[in-house]
Amino acid sequence: MYQQNITLPVESLNVDKIAATVRELVPANTQDHTTAEELRTQLRSLVERRDFHDSRAERYSQELAIVEGTLRNTKSALDEAQKLVITRPALRHRIAELEQNKERLREEITALQVAVERQAAIRDSAIKAIAEFDHSKLKRLSAEEKALG
-15 MYQQNITLPV ESLNVDKIAA TVRELVPANT QDHTTAEELR TQLRSLVERR
35 DFHDSRAERY SQELAIVEGT LRNTKSALDE AQKLVITRPA LRHRIAELEQ
85 NKERLREEIT ALQVAVERQA AIRDSAIKAI AEFDHSKLKR LSAEEKALG
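Residues in the sequence shown are numbered from -15 upward in steps of one, following the working numbering.
Okay, structure coming up:
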């Protein structure tokens, strides 16, 4: 008959010892079943990721250069307007608009700089992964595939 009121103290279980025993009982699967095609796919994926983030970083860098140029133009327009405000008080509204535009451009520059850095970091991690990729294993498996037909 089944006893319903059995309680075991959970604190007394040695989970680490149980896990070690299970690891000893289960045979380790040390054989690698990776194919050359799977390795080629992995490498192709890493290269595509590197290229994608490289092109995004380049695009953001180009946008950054454009926005920085716009900021320079806005600053020079603001300087000119401030020189003329003495003789033309109606320019005060235009100066306020230029000040707001200048601040917006500064924020956009900061955001683009962060985006460029982020994309470059992701690209660099992909470059590192490509460098750490087991090219010799791919070469060996490709040679075995060719030998088998």
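For every residue, glycine included, the Cβ atom is placed at its ideal position computed from N, Cα and C.
In the structure shown, the three-state DSSP call for A12 is coil. For the pair L68 and L75, the CB atoms are nearer than the 7 Å cut-off. For the pair V31 and S126, the Cα-to-Cα distance works out to about 19 Å.
Beta-carbon to beta-carbon, A110 and R33 are separated by about 5 Å, close enough to satisfy the 8 Å threshold. Non-local beta-carbon contacts of E52 in its own chain, meaning distances under 8 Å to residues more than five positions away in sequence, involve I93 in chain order.
The three-state reading of DSSP puts G53 in helix, counting H, G and I together. Assigned with DSSP and collapsed to three states, N85 falls in helix.
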